[in-house]
Structure formats: C-alpha cells, structure tokens
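Numbering (our numbering), first residue to last: 148 to 190.
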Amino acid sequence: MMAIEDYKKLSKQMIKSFQEFCDTVGSKAIAKGMTEEELGILQ
C-alpha cells in the first residue's frame, strides 16, 4: 500500500520525467527538420 501523498508525489515526478523526454524528442526532431506538416502525415 502507498499513502496518497506518496502516490501524488510519484505521479508528479513521472509526469515531469515524461514531459522532459517529450521535450528532448521534440527538440531533436526540429533540429533534424521535422515540421508540423510532416508530423501530420505520420498521424
């Protein structure tokens, strides 16, 4: 079992880590020339 406070803290850390990952991937994609149009084609 986990206390609600511990769960919330862990969840916030996980969300922050995931957002940092997404920012890194996005920055790399932009640096390699990815555009919104190309991204739309992938969807």
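Ideal Cβ placement from N, Cα and C applies to all residues, glycine included.
Residue i by DSSP, collapsed to three states: which one?
i, result
"M181", "coil"
"A150", "coil"
"Q160", "helix"
"Q166", "helix"
When you compare only the Cα positions, how much space is there between residue i and residue j?
i, j, result
"M148", "K159", "18 Å"
"E152", "F165", "20 Å"
"L189", "G173", "14 Å"
"I162", "A176", "21 Å"
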